[in-house]
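Working notes, beginning with the structure itself.
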Amino acid sequence: MSRFWALLKVLLINYLGVSTSQIKAKKNRIKYVKKIALGIAVVGALAPTIYLYAWLLIRGFDLLAPIGQERAILTLGLVMVSSIIFFFGVFYIINFFYFASDAQNLLALPLRAWEVLGARFAVILGYEYLTELPFLLPPLLIYGVKSGAPFVYWIYALIGYLLAPLLPLGLAAIPTVVIMRFANLSRRKDLFRILGSLVVISLAVAYQFVFQKAGPNAMDPAFIQNLLSDRNGLMNIISRVFPSTRYLGLALANADGLIGLLQLLQFAGLSFLAVALAWLVGEKLYFQGLVGSSETTARRKALKSSDYQRMSKGTSPLLSYLFKEVRLLLRTPPYFINCVLTNLLVPVLLVVPFLIQSSNQEGIMPWESLVANPKGQIILMTAITGLVMFLAGSNAISATSLSREGKEFFISKYIPLSYSKQILAKLLSAYIFGVLGAVLLILAARILIPLTISTILLLLLVSMLAMAPVIEAGLLIDIIRPKQEWGNEQQAVKQNLNVVFSMLFAVLLGGAILYTVIRFIHSPIMAVGFMLLCFALAALVLYYFLMTWGIKQYEMLEG
Amino acid sequence: MIEITSVSKSYNRGTVKAVDGVSLSIQDGEIFGFLGPNGAGKTTLIKMITGILNADEGSININGKDIRRDPLGAKMQFGFVPDDPNIFARLTGIEYLNFMADIYQVSSEIRLPRMQELLNRYEMANTVGDQIQSYSHGMKQKIVVIGALLHNPPVWILDEPMTGLDPRSSFDLKEMMREHADAGNTVFFSTHVLDVAEKICDRLAIINKGKVIFCGSMEEIRAHAKENQSLENLFLELTENE
């Protein structure tokens, strides 16, 4: 077996837990059954969202078919999946290429850079095939069935499905490998790797917006005329965000002719070109970015007595434990990127596209009119609160607080600090970053929408209470099933289903309360009162649950 | 004083018995060595004494405080050095020590002189401002030892404490263990190196496959080993490990 395949096999077993010999062993079967059941449960929980997406696609197809633009739904799915893979690919690649400790250990083996990079790239590709499922499968199926596509279409669809992540992943890998090469030059490696990641993520965001902005004004009548007269008009517009997707969209739409085959080959060529380029850049730069990246600088200088005095003032055990949590979150690159940065990035990501759009077009944004009437105000407030809750559920701070401790969890078990205080400190650390995210989000909303000071204050109040049950539920989930068996830090936060569960909880709780508000309450003050009451109740119930049952579970956990 | 009464722990739903009905009594004023080959159950027992693992059966008292019924009281009684010193890699040494001092509620008047004394003794004063991840294995071991001793605990529990220490630090630690025991305190430590145990222990216990097969002084063990085939074999194995 070549070294590349040997490495790939080991990585697949290690990261995806896929091993035929392990499945054959009887004692492992229950573990796999549990894994599969968990997967089905997650899909089941996502089912309503997928159903809604499929429904929208079917409606879209029916609406677009009379004007001959139905093939645009294919491009929509492709563009969406490519953008998601590209954006999250940047995170995956930073984590998986550079922050995984086993990547460092591979440096000691007689492997070429492209072999290591290629094998790790392939593992990420495995994850991306799963990511693709909910986004790409529905449009492929719906278009195929509804348009009565020929048999070749289904073959092309399968090939397209397999090819689709290659280009965005390749595009994500190239700048990451280049920037990380230079981030590794610095003596303060942790800091520079975080900064390097920030640069790559900013580039990814900028790329998307540049393509979004480029192109004609959608309100121009001549443009619309032109759009409708061309069967691929809408497809071309949508694919502007990710131009390569146009070829696959066309290949699928023209599957019955030779032209479709050529377009598929074009898409395949582009995809493989991107991967080849990424591997080529990797061969030149990857190891240079990785070598010594775990080194840390040490001053090896004695502290002055004033330093000792300043640093050894002493604080309460609870606060000390909280500071420890915050320091580790800020200083550990995978935790910073996946937990802290998401909090700060989402508000920015939400504002920038609208700012660009509003600078592109004259006139007011649709929601600006909402501020004027009470119902509109309620909708705005619930929408912002919902976002704050989603952010708190998805930032992975509380839902991975025990998981992140990993092998060090034994320390929490032997120190004389009660489990209730440890739980409280973990809640507080998540709360601090949650509040930071909420404040930024509300500020971002203020940039787009002329909110009054009193609305902003009310929003702050509601948000701070709304995130509490989400954070508590996240911690509870992590106490029930902490993922402490990991080889490197990124696995604790990136490949942790607890984050998905916490996100789902946020969606369900937020969805139920906010839906009730929008549906049944007509005065903004009443809405605020109802939300405060509901979230406070949920927070209290969960807090009580954490401090009784949660502590018992914590006691049962072993380090 | 540590009282361990009929403690058992098994894994895999009772199929693997890691510790099997162990009873030990470690008196004040003695250094007690806990000896056994790799995988004998040493670390499992130590983890149960310190509250990291829950015993399936039996009870453990540290200076009269039960680790299950009064965990915080019991935990305040001891300082613990784990077998793996890889802790909080991204905190600086001084941050770690202050964290431990805060948790054990060491007042700022006491902690500063104590910290400086231990740092100087272990030659760590020049490195304490750096992140722990920049330390060598031995330096990590030293900072963990200092962190465990900051609150001057009456009971010391050390799991393979000499591993990774340079000869000078190892000598210093042994000397401190002696001083601590001579002051009427308890030192409990595990090792798989017979030589270390022989030199500093007042009494020791040998554990194999989860069971304590002998407990007594070194002389008693030697005498007993001549009569008991399995103890003699184990003894030989331990000697070969040196």
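Residue numbers (the working numbering), protein chains in the order written: chain A, 4 to 562; chain C, 48 to 289. Just so it is clear, CB atoms sit at the ideal spot from N, CA and C, and this is done for glycine as well.
Within its chain, find whatever has a CB closer than 7 Å to the CB of residue i; leave out the 5 residues flanking it on each side and keep chain order.
i       : result
V438(A) : M467
M559(A) : none
G263(C) : R250
E289(C) : Residue placement at E289(C) is poorly supported in this model, since its pLDDT is 43, which falls under 50; the coordinates are not used for a value here.
D206(C) : T90, I93, V128, P129, D130 and S237
Please compile the residues from chain C whose C-beta is within a distance smaller than 7 Å of the C-beta of residue i.
i       : result
G317(A) : A148, D149, S154, S155 and R158
M314(A) : I141 and N145
Starting from residue i, find everything on chain A with Cβ-Cβ shorter than 7 Å and list it in chain order.
i       : result
P129(C) : F413
A172(C) : A305
Return the chain-ordered list of same chain residues with a C-beta closer than 8 Å to the C-beta of residue i, the five sequence neighbours on each side being excluded.
i       : result
I554(A) : Y422, S423 and I426
D213(C) : G185
G80(C)  : F236, S237, T238, V243, A244, I247, C248, R250, L251 and A252
I459(A) : I445 and R449
P141(A) : I53, Y56, A57, L60 and G80
F538(A) : V465, L468, A469, A471, P472 and I516
Q266(A) : Y250, L251, L253, A254 and N257
For residue i, which residues of its own chain have a beta-carbon under 6 Å away from its beta-carbon, when the five flanking residues on both sides are left out?
i       : result
V192(C) : V128
A399(A) : N341, C342, V496 and V502
N491(A) : A103 and S104
M224(C) : I78 and V234
I73(C)  : I49, F79, T233 and F235
Compare the C-beta of residue i with all C-beta atoms of chain C and state if any pair is closer than 8 Å.
i       : result
K12(A)  : no
S421(A) : yes
I70(A)  : no
R1(A)   : The requested residue 1(A) does not occur in the structure, where chain A is confined to residues 4 to 562.
P320(A) : yes
K327(A) : yes
Q556(A) : no
T335(A) : yes
I418(A) : yes
S323(A) : yes
Where does the unbroken alpha helix (DSSP H) through residue i begin, and where does it stop?
i       : result
V259(C) : Run containing V259(C): none in the alpha helix (DSSP H); it sits in the beta strand (DSSP E), K258 to G263.
A176(A) : L169 to A186
I524(A) : Careful: I524(A) lies outside any alpha helix (DSSP H) and carries neither H nor E.
R313(A) : S308 to M314
N255(C) : Where N255(C) is concerned, there is no enclosing alpha helix (DSSP H), although the beta strand (DSSP E) it sits in stretches over R250 to N255.
W117(A) : A116 to K149
E475(A) : I456 to I483
N108(A) : S104 to L109
G379(A) : P377 to S397
V84(A)  : A75 to I96
I450(A) : Y422 to L451
I193(C) : H184 to L196
Mind listing the chain C neighbours of residue i? Cutoff is C-beta to C-beta under 8 Å, in chain order.
i       : result
G562(A) : K94, I99 and L100
L331(A) : F135, R137 and L138
Y311(A) : I141, L159, M162 and Q163
Please list the terminal residues of the continuous beta strand (DSSP E) segment that includes residue i.
i       : result
W157(A) : Not the beta strand (DSSP E): W157(A) falls in the alpha helix (DSSP H), residues F154 to L166.
T238(C) : T233 to T238
Which one or two residues does DSSP pair with residue i in a beta bridge?
i       : result
S106(C) : T52(C)
V63(C)  : Y58(C)
I78(C)  : V234(C)
L205(C) : V128(C) and F236(C)
K112(C) : I109(C)
S72(C)  : E50(C)
T139(C) : Q178(C)
Please decide whether residue i counts as near chain A, where near means a Cβ-Cβ distance under 8 Å.
i       : result
N288(C) : Confidence at N288(C) is low in this model, with a pLDDT of 49, below 50, so its placement is unreliable and no value can be given for it.
L71(C)  : no
K221(C) : no
G194(C) : no
V175(C) : yes
L119(C) : yes
K189(C) : no
S181(C) : yes
K122(C) : yes
List, in order along the chain, the chain A residues whose C-beta lies closer than 9 Å to that of residue i?
i       : result
G185(C) : None at all; the shortest Cβ gap to chain A is about 14 Å.
Name the chain A residues that come within less than 8 Å of residue i, Cβ to Cβ?
i       : result
G111(C) : Here the premise fails: no neighbours, minimum Cβ distance about 16 Å.
M265(C) : None at all; the shortest Cβ gap to chain A is about 30 Å.
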